[in-house]
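Visitor: Below is the structure I would like to discuss, written out as structure tokens.
There are 2 protein chains.
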Amino acid sequence: MREPKQERAVRTRAIILRAAAEVFDELGFSGANIREITHRAGITQGAMYFHFKSKEDLARALMKAQPSTVLPHTATSGLQGLVDLTLVWSHQLRQDVLLRAGVRLTGEQNSFGVHDATPYREWAEVLAERLREARAQGELADHVDIGSMADFVVSACTGMQMYSQVATGRQDLSERVVAMWQHLLPALCTGEARASIDASASRAEALTHSGVPVGERIAPSVLASRGR
Amino acid sequence: MREPKQERAVRTRAIILRAAAEVFDELGFSGANIREITHRAGITQGAMYFHFKSKEDLARALMKAQPSTVLPHTATSGLQGLVDLTLVWSHQLRQDVLLRAGVRLTGEQNSFGVHDATPYREWAEVLAERLREARAQGELADHVDIGSMADFVVSACTGMQMYSQVATGRQDLSERVVAMWQHLLPALCTGEARASIDASASRAEALTHSGVPVGERIAPSVLASRGR
Numbered sequence: 045m046r047e048p049k050q051e052r053a054v055r056t057r058a059i060i061l062r063a064a065a066e067v068f069d070e071l072g073f074s075g076a077n078i079r080e081i082t083h084r085a086g087i088t089q090g091a092m093y094f095h096f097k098s099k100e101d102l103a104r105a106l107m108k109a110q111p112s113t114v115l116p117h118t119a120t121s122g123l124q125g126l127v128d129l130t131l132v133w134s135h136q137l138r139q140d141v142l143l144r145a146g147v148r149l150t151g152e153q154n155s156f157g158v159h160d161a162t163p164y165r166e167w168a169e170v171l172a173e174r175l176r177e178a179r180a181q182g183e184l185a186d187h188v189d190i191g192s193m194a195d196f197v198v199s200a201c202t203g204m205q206m207y208s209q210v211a212t213g214r215q216d217l218s219e220r221v222v223a224m225w226q227h228l229l230p231a232l233c234t235g236e237a238r239a240s241i242d243a244s245a246s247r248a249e250a251l252t253h254s255g256v257p258v259g260e261r262i263a264p265s266v267l268a269s270r271g272r
Numbered sequence: 045m046r047e048p049k050q051e052r053a054v055r056t057r058a059i060i061l062r063a064a065a066e067v068f069d070e071l072g073f074s075g076a077n078i079r080e081i082t083h084r085a086g087i088t089q090g091a092m093y094f095h096f097k098s099k100e101d102l103a104r105a106l107m108k109a110q111p112s113t114v115l116p117h118t119a120t121s122g123l124q125g126l127v128d129l130t131l132v133w134s135h136q137l138r139q140d141v142l143l144r145a146g147v148r149l150t151g152e153q154n155s156f157g158v159h160d161a162t163p164y165r166e167w168a169e170v171l172a173e174r175l176r177e178a179r180a181q182g183e184l185a186d187h188v189d190i191g192s193m194a195d196f197v198v199s200a201c202t203g204m205q206m207y208s209q210v211a212t213g214r215q216d217l218s219e220r221v222v223a224m225w226q227h228l229l230p231a232l233c234t235g236e237a238r239a240s241i242d243a244s245a246s247r248a249e250a251l252t253h254s255g256v257p258v259g260e261r262i263a264p265s266v267l268a269s270r271g272r
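Okay, here's the thing in structure tokens:
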């Protein structure tokens, strides 16, 4: 039986994005080229250009896909959800080449003439959603500005992974995330909430070594063909 | 009268570093080349190689020079000193091409095969010194781990300037620094200290628009010839 056309397109797009992620993760934007990506994906140049019109187009798709590599692995809400997103992110950055390529490209984008704050803003929106839940659940201290805090955590995570990358090859990234919450949580949450939030190294371990299966939600948002 | 040899060497080194900073700031590490830097500095290739043996050597010198572009502009100590360093840094990043090149190269270093945490660690040490002063002055809350907090502020500043660069061309960087202190100070300092620390937008304005002269300390640390 022939595979339906739409499913085949989604599968091809997934194969291309993974090949592109591997090449970008290894060589960065300037070092990567479409021919190598096409070769590694085992597809024709025609198939490539049907899905992505340029190297920049591929880079943008990977930059945009970051939250979808983390979200399916967290089920918690409110402040615990916020903490868990950052813990899972710090682990996935070592495991998931799609996330790693997205992060590298977001940092390098100036060097290839792109100035796109969307990847930062989309992360901030994901975190802001958890902060709004926290406010609704009475966990968030009154003075906290949700937009400003979400932006700050995105910035801090961005910088921590850069520092950690050159200092330890990202081996200490989860420890740095745990330290961030030690610095932020006391002012962030109400007294009652503080006791119930687990932002410890042991939770980082548990969340990241439990073999959480990749959620189904990853497929539509990263892989859906944009109808080219 | 002939200029003494050592003074001439320091002056040449300063001219080379400024030319290199301009070129790296514009084109990044991969886009820059020694010929263009030599041309812009108006020196011979021999003079260049007397001071810096390679493009990487130049890049390392600029990465290392970052704190010396900020320190001479702050005179305060303790927590106010810590806050002022970050406010001045956010301003200097828009004004000082040496600092801007150092920051860009530090972020790009992976792409040219360097993994050097020294620039991050040197910033962290500068901030840790202010935190130790704060502890001695009784400003710092007991639970604060100085090394971890210093590392965290360096990470946060690194990420804020990246986010701010693509979002607003760094126009909102000082506002982001002010927001960072709103998030951090409540847990960072003792109740008495909190009232006396000014981390407001108006202080950022005052510090950065008062035309503070460049201190003398900038010369020896950035410009001293390493005896090549």
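Protein sequences, first through last, are from chains R and L. According to the numbering used here, the residues represented by the first sequence are 45 to 272, in order. According to the numbering used here, the residues represented by the second sequence are 45 to 272, in order. Every residue, glycine too, gets a C-beta built ideally from N, C-alpha and C.
Report yes if the C-beta distance between R:T130 and R:V210 is below 9 Å; otherwise report no.
Guide: no
Visitor: At a CB-CB cut-off below 9 Å, which residues of chain L make contact with R:V127?
Guide: The premise fails here: R:V127 is roughly 15 Å from chain L at the closest Cβ pair, so nothing lies under 9 Å.
Visitor: Going along chain L in order, which residues have a C-beta closer than 9 Å to the C-beta of R:D160?
Guide: In chain order: V210.
Visitor: Do R:L143 and R:Q136 count as a contact pair if the criterion is CB distance below 9 Å?
Guide: yes
Visitor: Are the C-beta of L:Y93 and some C-beta of chain R separated by less than 9 Å?
Guide: no
Visitor: Assign R:D69 to one of two classes, buried (16 or more other C-beta atoms within 10 Å of its C-beta) or exposed (fewer than that).
Guide: buried
Visitor: Alpha carbon to alpha carbon, what distance is there between L:A194 and R:M193?
Guide: 19 Å
Visitor: Expressed to the nearest angstrom, what Euclidean distance is found between the alpha-carbon atoms of R:L228 and R:L123?
Guide: 11 Å
Visitor: Closest to R:H187 by CA distance: which of R:L232, R:L115 and R:A109 is it?
Guide: If we check each option's Cα against that of R:H187, R:L232 comes out closest.
Visitor: Just to make sure I have the definition right: I need the residues of chain R whose C-beta is within less than 7 Å of the C-beta of L:V147. Which are they?
Guide: Simply none; closest approach about 11 Å.
Visitor: What does L:V43 reach in chain R if we use C-beta pairs closer than 9 Å?
Guide: What is shown of chain L runs 45 to 272, which leaves residue 43 of chain L out entirely.
Visitor: Could you check the C-alpha separation between L:H83 and R:G72 for me, to the nearest Å?
Guide: 29 Å
Visitor: Anything in chain R within Cβ reach of L:P111, meaning under 8 Å, just list it in chain order.
Guide: By Cβ distance, chain R contributes nothing, its closest Cβ being about 15 Å from L:P111, past 8 Å.
Visitor: Does the beta-carbon distance from L:L42 to L:L61 come in below 9 Å?
Guide: Residue coverage of chain L in this structure runs from 45 to 272, which leaves residue 42 of chain L outside it and unanswerable.
Visitor: Hey, is L:R270's beta-carbon within less than 9 Å of any beta-carbon in chain R?
Guide: Caution is warranted here: a pLDDT of 42 is assigned to L:R270, below 50, making its placement in the model unreliable, and the coordinate value is therefore given only provisionally. By this cut-off, L:R270 is not an interface position.
Visitor: From the DSSP output, which residues share a beta bridge with R:C233?
Guide: R:L184
Visitor: Quick one: residues in its chain with C-beta nearer than 6 Å to the C-beta of L:A145, no 5 flanking neighbours on either side, listed in chain order?
Guide: A65, F68, D69 and L106
Visitor: Buried or exposed for R:A95, please, with buried defined as at least 16 other CB atoms from any protein chain shown within 10 angstroms of its CB.
Guide: It should be noted that the sequence gives His, not Ala, for residue 95 of chain R. Classification of R:H95: buried, given that the 10 Å Cβ count is 16 or more.
Visitor: Does any CB atom of chain R fall closer than 9 Å to the CB of L:G122?
Guide: no
Visitor: Would a check of beta-carbon distances place R:H135 closer than 9 Å to chain L?
Guide: Taking Cβ atoms only, chain L never reaches closer than 9 Å to R:H135, which makes this a no.
Visitor: Answer yes or no: do L:G203 and R:S218 have a C-beta to C-beta separation smaller than 9 Å?
Guide: no
Visitor: Taking C-alpha atoms, which residue in R:Y93, R:C201 and R:D242 lies nearest to R:T150?
Guide: Residue R:C201 is the option with its Cα nearest to R:T150.
Visitor: Just how far apart, CA to CA, sit R:E169 and L:L102?
Guide: 40 Å
Visitor: Compare the C-beta of R:V266 with all C-beta atoms of chain L and state if any pair is closer than 9 Å.
Guide: Bear in mind that a pLDDT of 47 at R:V266, under 50, signals an unreliable position, so the number given afterwards is only what the model happens to contain. No, because no Cβ of chain L sits closer than 9 Å to the Cβ of R:V266.
Visitor: Between which two residues does the alpha helix (DSSP H) holding L:V141 run?
Guide: V141 to E152
Visitor: Which chain R residues are close to L:A231, counting only those with a beta carbon under 7 Å from its beta carbon?
Guide: H227, P230 and A231
Visitor: Among R:R174, R:Y207, R:P163 and R:V158, which one has its Cα closest to the Cα of L:A161?
Guide: R:Y207
Visitor: Comparing the C-beta of R:Q215 with each C-beta of chain L, is any distance below 9 Å?
Guide: False, the Cβ-Cβ gap to chain L never drops below 9 Å.
Visitor: When the Cα atoms are used, what is the spatial distance from R:L126 to L:K97?
Guide: 48 Å
Visitor: Quick one: is L:D189 buried, meaning 16 or more other Cβ sit within 10 Å of its Cβ, or exposed?
Guide: exposed
Visitor: Below 7 Å on C-beta distance, what does R:G72 contact in chain L?
Guide: S155
Visitor: Smallest Cα separation from R:I59: which of R:I87, R:R179 and R:R79?
Guide: R:I87
Visitor: Check whether the Cβ atoms of L:V221 and L:S134 lie closer than 9 Å to each other.
Guide: yes
Visitor: What's the gap between the Cα of L:A76 and the Cα of R:H159?
Guide: 20 Å
Visitor: Are the C-beta of R:G151 and some C-beta of chain A separated by less than 9 Å?
Guide: The chain labelled as chain A is not found among the protein chains of the depicted structure, namely R and L.
Visitor: Taking all protein chains shown into account, do 16 or more other C-beta atoms lie within 10 angstroms of the C-beta of R:E236, making it buried, or fewer, making it exposed?
Guide: exposed
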